[in-house]
Amino acid sequence: SLGMFLLLCVSWLTFTIWLAVAVASYGGLKWILRHDAGAPRKYLFVLIPLLLIPDPAKKPDVTVAVCYNKGSAIEGPGQQGAMHALEHMKFRRAGKWDVKEEHSKRQADWNGYTDLDRVCYYQSMPAGRGHELWALRFENDRARNTNYDSKGFKEEKTAFLSELNLTFDDPNFLLENAVANAAFGFSGYERSAIGNPKDVLDLEIPTIQALDKLVYQDPNNIVIAVSGQFDPKSVIDVAQEPFGTMPQGTG
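Residue 146 in my numbering sits at position 142 of the sequence shown, and the numbers go up by one each step.
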């Protein structure tokens, strides 16, 4: 529809202007050249943006953010809330890492969010201890190696349903949802990213695993930003190490 097309144009223009301002201000846009690990001489033209924003003047912190340029708008029928539920699972374990425990060790302020067009995760930590290098390796593990144990999924679904029920009691949320429905029809933009209780109740692990592969495991979707006090060369080298060999996705 025309409404959806205009929304996409505005969203992309906003992001482009923000990126251009950031690059003009800091001159810190680098690229991770992803290559096929099975054929080292064959380079695919998949460049992962790596935005470096050194700021030694502020307090001695460093922040790493990894975003994926697909969000809840890609959910199919009966999947409303699946991307948000997937985010919940990625807050539990990432490969060998216990997410809460590892962030606590590093005194990190950390969180994430799911929107219609993107999913983002970040952590702000004390600078000067190499935490930003750990965060890059960790976020690569979060993208590739989420643990989908049925017990953990059931626990997260229960917590998620409680969150949903509170949201659906909010008149402002209901009004926003009604306006979006009227404006965007059946486009993926007519609903909130948080989902709805019925779809979440019926949600199964294979559904979110398929979305995981589509969104998180495709290097075409990734944007990485590092700001604060850090060594740019070390960040570039370490970011290239895991993300540069990420297999081509299906998105």
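Note that the Cβ used here is the ideal one computed from N, Cα and C, for glycine as well. Owing to the predicted nature of the structure, the values given are computational and were not obtained by experimental measurement.
Item: Between N181 and the rest of its own chain, which residues show a CB-CB distance below 7 Å, the 5 nearest in sequence each way excluded?; Value: R195 and S196
Item: When the Cβ atoms of the stretch 200 to 219 are set against those of the stretch 230 to 250, are three or more pairs found closer than 8 Å?; Value: no
Item: Is the beta carbon of A243 closer than 7 Å to that of V120?; Value: First, the amino acid is wrong: residue 120 is Leu here, not Val. Cβ distance not < 7 Å, so L120 and A243 don't count as in contact.
Item: Check whether the Cβ atoms of Y152 and I78 lie closer than 7 Å to each other.; Value: no
Item: Going by DSSP in three states, N169 sits in which element: helix, strand or coil?; Value: helix
Item: Would you mind working out which of D65, V68, Y117 and T67 sits nearest M87, comparing C-alpha positions?; Value: Y117
Item: Between S108 and A186, what straight-line distance do the alpha-carbon atoms span, to the nearest angstrom?; Value: 44 Å
Item: Beta-carbon separation of N225 and Y72 under 7 Å?; Value: yes
Item: Within this structure, are the beta carbons of L99 and N149 separated by less than 7 Å?; Value: The question names Leu, yet the displayed sequence has Gly at residue 99. Their beta carbons are under 7 Å apart, which means G99 touches N149 by this criterion.
Item: To the nearest angstrom, how far is it from the Cα of V123 to the Cα of G75?; Value: 6 Å
Item: Please give the ranges of any alpha helix (DSSP H) in the stretch 134 to 215, keeping only runs that are unbroken, at least 4 residues long and fully inside the region.; Value: 135 to 148, 154 to 171, 175 to 188 and 201 to 205
Item: Among the residues of its own chain, which have a CB less than 6 Å from the CB of K202, if the five just before and after it don't count?; Value: none
Item: So, under 8 Å CB-CB, D113 and S128 are touching, yes? Tell me the CB distance rounded to an integer number of Å.; Value: 4 Å
Item: In the DSSP assignment, what residue or residues form a beta bridge with N115?; Value: Y126
Item: On a Cα-Cα basis, can you pick out the residue from L179, H92, G199 and A61 that is closest to E160?; Value: H92
Item: Which residue comes first and which comes last in the alpha helix (DSSP H) that contains I240?; Value: P236 to F247
Item: If you count every other CB in all the chains shown that lies within 10 Å of the CB of Q84, and 16 or more means buried, which is it?; Value: buried
Item: Roughly how many angstroms lie between the CA atoms of L205 and F142, to the nearest whole one?; Value: 30 Å
Item: Select from D173, D174 and I240 the residue whose C-alpha is nearest the C-alpha of L54.; Value: I240
Item: Tell me the DSSP secondary structure of P53 in three-state form.; Value: strand
Item: Starting from the Cα of I198, find the closest Cα among F164, M250, D173 and L137 and give me that residue.; Value: F164
Item: By DSSP's criteria, P58 is part of a beta bridge. Which residues make up the other side?; Value: G232
Item: From P130 to R110, what does the alpha carbon distance come to, in whole angstroms?; Value: 8 Å
Item: Would you identify the three-state DSSP class for A89, choosing helix, strand or coil?; Value: helix
Item: Any idea which residues DSSP pairs Y220 with across the strands?; Value: For Y220, which the question treats as bridged, DSSP gives no partner whatsoever.
Item: Kindly indicate the opening and closing residues of the alpha helix (DSSP H) around S108.; Value: V103 to K109
Item: According to DSSP, what are the bridge partners of I226?; Value: Y72
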